[in-house]
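Taken in sequence, the protein lines are chains A and B. Residue numbering for the first sequence follows our numbering, beginning at 15 and increasing consecutively. Residue numbering for the second sequence follows our numbering, beginning at 15 and increasing consecutively. Even glycine gets a Cβ: it sits at the ideal position worked out from N, Cα and C. These numbers come from a predicted model, not from an experiment.
Number of protein chains: 2
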Amino acid sequence: MEKSNTRERIMEAALSLFSIKGYDGSATRDIAQMAEVNEITLFRHFGSKENLFREVLSHYAPTSMLSEKLNAQLQGNLREDLTLLAHTYLEAEYKNLDYVRIGIMEIPRNPSLADLIYTIPRRLEEHLAEYLTDLAQQQKIDERNFKLMSRMFYGQLFHHVLMICSFKDNAALLQAQSDEMVDTLVSMFVHTLRYTENEE
Amino acid sequence: MEKSNTRERIMEAALSLFSIKGYDGSATRDIAQMAEVNEITLFRHFGSKENLFREVLSHYAPTSMLSEKLNAQLQGNLREDLTLLAHTYLEAEYKNLDYVRIGIMEIPRNPSLADLIYTIPRRLEEHLAEYLTDLAQQQKIDERNFKLMSRMFYGQLFHHVLMICSFKDNAALLQAQSDEMVDTLVSMFVHTLRYTENEE
DNA sequence: AAACGTTGCAAGCAAGTACTTGCATTTTGT
DNA sequence: ACAAAATGCAAGTACTTGCTTGCAACGTTT
């Protein structure tokens, strides 16, 4: 095996550099050096810097089968389910911090990136909206604008991830407060939807 | 009067270009051209591109006397006050979209920028936390972690602004939904804090 | 051993970058 | 009206950028 991990090393270096210095700020020479590879090898593999950028994005793109996986685990208890959703989302995004930052930086240069970054939240939003609609039909919660509330739910979580991206120094501190934030967020939803916390 | 608005024009052009193409992506030539000024004039005024960048940031930095202004207008009615705070904040940030975008893009290049962008939210967070603490002492609302809740309040609003930055196309649509979002956000706080909506 | 694909090296090109110099021209303040 | 300050123009410097060419070394497969 071992068949040349060169390509992989280049892409990892590119992901890392792009996320720090942005597309324009990252020189192909520096990417190659970071990957411990000759610059020419980079071009032989990817043809152009723009190609490398695109391949990196698509390779590290969030697969987002999340909603399918989640459906199986939801129990019907609003508080527990929302907590599960929140933690699952945060965990997924923590692994993608570099990717998220690249997206945010390069959106103006390539607007279609916006759709890519927000792929996960988007799908999860729809998923949550459907879940809430179900609960409403069972008359367990009040009727509301569930699309909006779902967007707000994941918006709050995304904002938390963004803060961790932005303040790398205090990131540990913010991450430590994640649990309390999730608790509060979930509580707000539970209260607002007037969910009665019974067994069933 | 009229004493040469050249400097001003250059800074406006720089603000605009930086927010679209980022620091590295913006050529001094293009900035000068956009300002309808010779490139040399730019250097005579600012010395270097880096200097120009810094001057633009400090010049368009949010002054943020907001909290002082707001204190006078708060009535003691939680729902109305939160609504006022939210709309005031959103209005202020809408005017600073370029500034916000620059900050987000260039944070990795200059981490101290993070503090700058979040100046407004930070101060408002403290302000809101104090306000809620007051209400709690008057036993009008339940005791909670008000620092955290304040951060979440403005975090939600900031996220909304960020969406408008990112999706320039649907910006109008998102802006139209601002009011409903604020209503829902405020309602969540009112419900969660068990505020009894009486006269006083 | 032969053939092949992968990588490295030295050198360089064309274009773009921030920034400078010297001089002419316009605008402004007094 | 005159001096001073602000701006424009042409040309150019020193550097970086993405990217290419030609050739040699290495490892794997057959």
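Sequence-ordered contacts of the segment 26 to 39 of chain A with chain B read 33, 34, 35, 36, 37, 38 and 39 [C-beta pairs closer than 9 Å].
Judged by DSSP in its simplified three-state form, residue 121 of chain B adopts coil rather than helix or strand. Annotated as proximal: residue 155 of chain B and residue 208 of chain B, with beta-carbon spacing under 9 Å. Rounded to the nearest whole angstrom, the CA to CA distance from residue 64 of chain B to residue 57 of chain B is 11 Å. With distances taken between CA atoms, residue 184 of chain B lies nearest to A:128 out of A:20, A:27, A:128 and A:198. As the crow flies, the alpha-carbon of residue 99 of chain B is around 10 Å from that of residue 105 of chain B. Put simply, the backbone Cα of residue 37 of chain B is about 28 Å away from that of residue 189 of chain B.
Each residue's CA atom was taken as its position, placing residue 19 of chain A and residue 119 of chain A some 28 Å apart. DSSP, reduced to helix, strand and coil, places residue 75 of chain B outside both helices and strands of the structure shown, so it counts as coil. The straight-line gap separating the alpha-carbon atoms of residue 181 of chain A and residue 68 of chain B is approximately 20 Å.
Chain B places no beta carbon closer than 9 Å to that of residue 137 of chain A, leaving this residue out of the contacts. Counting along the chain, the unbroken alpha helix (DSSP H) around residue 45 of chain B starts and ends at 42 to 48.
In the DSSP annotation of this structure, the continuous segment of the alpha helix (DSSP H) that includes residue 197 of chain A starts and ends at 192 to 206. Note on the segment 81 to 131 of chain A: whole alpha helix (DSSP H) runs with a minimum of 4 residues are 92 to 108, 111 to 120 and 126 to 131, in chain order. Under a criterion of Cβ atoms nearer than 8 Å, the residues of chain B adjacent to residue 119 of chain A are, in order, 36, 118, 119 and 122. Look at residue 22 of chain B here: in three-state DSSP terms it is helix. Proximity of residue 110 of chain B to chain A, defined by a Cβ-Cβ separation below 9 Å, is not satisfied.
Nearest to residue 108 of chain A by C-alpha distance, out of A:134, A:95, A:92 and A:148, is A:134.
Contact with chain A is absent for residue 93 of chain B, since none of that chain's Cβ atoms lies less than 9 Å from the residue's Cβ. The beta carbon of residue 160 of chain A sits closer than 7 Å to the beta carbons of 143, 146 and 147 from its chain, once the five residues preceding and following it are set aside; these are given in chain order. In chain order, 166 make up the part of chain A whose C-beta sits under 8 Å from the C-beta of residue 199 of chain B. Among the residues facing chain A, residue 113 of chain B is not included, as its CB has no counterpart in that chain under 9 Å away. Note that the segment 29 to 43 of chain A does not touch the segment 80 to 94 of chain A; fewer than 3 beta-carbon pairs, one per stretch, sit closer than 8 Å. When the five nearest sequence neighbours on each side are left out, the beta carbons in the same chain lying within less than 6 Å of the beta carbon of residue 23 of chain B are those of 49, in order along the chain.
Close partners of residue 181 of chain A in chain B (Cβ separation under 7 Å): 128. Assigned with DSSP and collapsed to three states, residue 57 of chain B falls in helix. At a Cβ-Cβ threshold of 9 Å, residue 173 of chain A and residue 169 of chain B count as neighbours. In the structure shown, residue 158 of chain A adopts coil according to DSSP, grouped into three states.
Residues of chain A with a Cβ closer than 9 Å to the Cβ of residue 194 of chain B are, in chain order, 159 and 162. In this structure, residue 96 of chain A sits near residue 200 of chain A, with a CB-CB distance shorter than 9 Å. Distances from the CA of residue 210 of chain A to each of A:93, A:178, A:46 and A:125 were compared; the closest alpha carbon is that of A:93. In the three-state scheme derived from DSSP, where H, G and I count as helix and E and B as strand, residue 209 of chain B is classed as coil.
Here the alpha carbon of residue 139 of chain A sits roughly 5 Å from the alpha carbon of residue 164 of chain A. For the pair residue 77 of chain B and residue 117 of chain B, the Cα-to-Cα distance works out to about 15 Å. With at least 16 other beta carbons inside 10 angstroms of its own, residue 29 of chain A counts as buried. Secondary structure at residue 30 of chain A: helix, using DSSP grouped into helix, strand and coil.
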